[in-house]
Structure formats: structure tokens, C-alpha cells
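Accompanying notes for the structure given below.
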Amino acid sequence: MQTTRRAMLLVVFCAVLSGCLALSGSQLARPQPSKQLTQARAALTDKAATPETAALFANLRALAGRHVLFGHQNDTRKGYGWTKDYQAAPVPPGKSDVREVTGAYPAVYGWDLESIAGFYTGPVVEHEKQLLRQLTIDAYNRGGINTYSWHYNNPVSKVSVNWRDSPVEAVARLLPGGSHHRVFTNSLREIAAYANSLIGADGRVIPIIFRPFHEMDGDWFWWGKSHCTAPEYQQLYQFTVTYLRDSLQVHSFLYAWSPDRNFANESQLLERYPGDAYVDVVGLDNYGDLRPDVLPEVALQKMKLVANYAARHQKVAALTETGLENVSDPAWYTQRLLPLLGAQPGPAYCMVWSNSTKTFWTPPLTHPAAPDFRTFQRNALPAFGGQLPSFYTLRPQNKSTK
448 MQTTRRAMLL VVFCAVLSGC LALSGSQLAR PQPSKQLTQA RAALTDKAAT PETAALFANL
508 RALAGRHVLF GHQNDTRKGY GWTKDYQAAP VPPGKSDVRE VTGAYPAVYG WDLESIAGFY
568 TGPVVEHEKQ LLRQLTIDAY NRGGINTYSW HYNNPVSKVS VNWRDSPVEA VARLLPGGSH
628 HRVFTNSLRE IAAYANSLIG ADGRVIPIIF RPFHEMDGDW FWWGKSHCTA PEYQQLYQFT
688 VTYLRDSLQV HSFLYAWSPD RNFANESQLL ERYPGDAYVD VVGLDNYGDL RPDVLPEVAL
748 QKMKLVANYA ARHQKVAALT ETGLENVSDP AWYTQRLLPL LGAQPGPAYC MVWSNSTKTF
808 WTPPLTHPAA PDFRTFQRNA LPAFGGQLPS FYTLRPQNKS TK
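In C-alpha cells form, the structure reads like this:
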């Protein structure tokens, strides 16, 4: 009887094993991606993007014409009158100048990789890395979107990102075969290690909108238009994407490309564009055209050029940097920024620059522009933190999200 029982168990085991082997290895390892996820990835630079990254892209594209997410650089890292030095005591948990005035966090948080991959040494590097990691995780856990720029010190001189402080040509030397190519790839490895260490409370790698080598149509950065040829710049951007994606297996990035305002038509806009295969977000950095002494139509026309290109090429459009320093116009948010965000087609998100100890781009509580900022926040077009469903889950896009 014992022998018969063992034989029966062996038969059952073999049947189960045979059924399992009939399945493909990929089916055993993980569920097959849904049709919606496959479609979202098809439009991405990274066809192997994480589900959360693909969902973020699809949901940002679906915002077009309905809402514009409001973002603030360094929102919970720095603030007017309370900015902490790099090695000072920890910043107050959850403190936000935007929240203090409006009651809501921004929907988009801007950070920078300059201290993580920028040739800084000493305790400042680890301090900033730990702090930015935690602030990024906190933003994601509360439903926010994280975007990182890269004010990368010149990798040849290792002195400054600004050309005037270090007038040393570098772009050609960073390309494959160049004298400083290894230096550059080491910096990309630092970025990859950091990106893959960003894990949310849900155990997922946090999606990042990565915006390298911005404002290339100006001359202030070492990658600017007077310091390299258009093909050299394009190759630098393309290599950055492919090395992070293919060699270092970073699959949590959306890649943003954003010139400054130095263009008047689409041909000028795209003069240094690296190509659709390398860009997910087509952005615009524009401060100068939003000053009170410039006609509103100037900025509106440029935003439409960017957004029209993005719409035709299945990209996300964004106003990736803007603002009015110290908000000298108390009605700037409703009278200048809001009409620009209402462009059709328009941006999915906008980002105003960072507050600090003595300067601000979102107003303090007692500033004359604070009531206008609250009115802006209550408008139906801008969306702040907590106002929309999760950006990291694919959802039907034929219904309003608010």
C-alpha cells in the first residue's frame, strides 16, 4: 500500500511538472504585459521602461488640454528664509513654501544631480545624496512626480558648469574615442546607481523625468551652441540616453530635452534636437519672455511651437523652467502664467525655479502676490499635489481626470 501511494504521488507530480513545462519561461517568470502597457511603451525612448514609468508617460500625454501640473524646483529642500546649507541640520520634514501659501504641495518636484555626479568631494556629496534620495522618495510616496536636471561641472576642467568660469571645450572629448570619454561614463554610472536606489514605499523603482544638457541654444553652459557643433551636441545627448538605458540598464527614466527661448520657428527650435528616438518630453525653459515688459504673445507663440511638435510626434510637452524672480508683479500667476498654460495644445506641466534664503519664485505667505498665487491654484487648469489620480497606474484615458 505504501508503494502504491508513492507511485500515485509520483504520477501527480509528473503531470503538474509536465503542465508547467508547457508554459514558456517568460510566462513562468512574470505576467505578460497588458495591451495598454505595450502601447504605452511603444511610444517611449525605452521600450523596456518599468510599468510605472510607462504609465507616467501615458498619463502625462493624456493631460493635454485638460490640466497643467504645477511644479517647483527644490520645493521641500529649500525655501525663502529657511534654506539649509549643505552640511547643516536636516531640513524640516515636509516643509514647503508652496504648501504654506496654497495648502497643497506641488504636483511636480524638481531636483538636480550636480552634487551626485559633478566632481564634488567630501561630506557634502553623501549628505546631498542621502537628502535628495529621501526627498524624492517622500515626493513619490505622496503621489508627486520627480524631475532631475543636471548642472554638470565641466568634466575636462572639473571646475564649473558655467562657461564664463571655465571656458574649456569639452563636448567632443566626451564622445566615444575622446580623451575624457571614460570620465563621462563614470559620471553616468554614478547616476545609474543613484537612480536604481530610489525605491518607493511600494517597493518599486521611482520613475524620473531626466533632463540633461538643457538650454543648449544659449552660451552660458559648456555644452552651449558656441562651444560645440550641433552634431556633437546631438551625439552627446544620444550617447547619454543609450548608455544609461542599454549599458547600465536604467529603465525608470523619461528623457526630457529643453532649449531656452532662442528660437522663432520650428526649424530653429529643432536645430540641436537629438531625434525622436531619444526624447520623451519636449520642453521649453522661458524666463525672459514672461517679464512684465514683454508682450504675452511672445511666450505663447513659442509654447505653441513646442506643444505642436510634441503632439504630432507623440511626446509630452512641458514648460520645464519658468518664473519671475521675487515676483515683482503681484498678479503674475493669473495674468501671465495662467494664460500661457492655457495654450492649445499646451504643456502637461510647468516648473518654476527654486526658492532660497533671499530669493523666491513662489511668494511667501505675506507677499502681495500670495493672494494671486492662491487664486491661480484654485483655477481649474493648474493641478497641484493630490488633485489627480495616481500617475503610476495605467487607466482609461477617455474620461476626465478631475
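In our numbering, the protein residues as written are 448 to 849.
In this text, a Cβ means the ideal position worked out from N, Cα and C, and glycines have one as well.
Check	Outcome
Buried/exposed call for D693, threshold 16 Cβ in 10 Å	exposed
CB of N773 within 7 Å of CB of G526, strictly	no
Test item: CB-CB of M798 and G557 under 7 Å	yes
Whole alpha helix (DSSP H) elements within the region 512 to 536, 4-residue minimum	none
Among P721, T676, L716 and R708, nearest to T687 - alpha-carbon criterion	P721
Rounded straight-line distance, which links the Cα of P678 to that of H519	32 Å
CB contact flag (Y599, G565, <7 Å)	yes
Reduced DSSP category for G735 - H, G, I as helix; E, B as strand; rest coil	helix
Assigned secondary structure, M663 (DSSP; H/G/I helix, E/B strand, else coil)	coil
Whole-number beta carbon distance between F710 and L716, since they are thought to touch under 8 Å	4 Å
Alpha-carbon to alpha-carbon, G647 and V763	24 Å
Outcome for A601 when other beta-carbon atoms lying within 10 angstroms are tallied against a minimum of 16	Checking the displayed sequence, the identity of residue 601 turns out to be Asn instead of Ala. When all chains shown are included, N601 counts as buried.
Local Cβ density within 10 Å of S847, reported as buried at 16 or more and exposed below that	Any answer about S847 is weak, because its pLDDT of 44 lies below 50 and its placement is not dependable; what the coordinates show is given next. By the 10 Å Cβ count, S847 comes out exposed.
Where D612 sits in the DSSP three-state scheme	coil
Three-state secondary structure assigned by DSSP to T806	coil
Cα-Cα separation, S473 to A489	With a pLDDT of 34 at S473, under the threshold of 50, the modelled position of this residue cannot be trusted, and the question is left open.
Distance, D559 Cα to T530 Cα	16 Å
Contact check, A554 vs G832, beta carbons under 7 Å	yes
Three CB pairs or more closer than 8 Å across the region 599 to 619 and the region 668 to 675	yes
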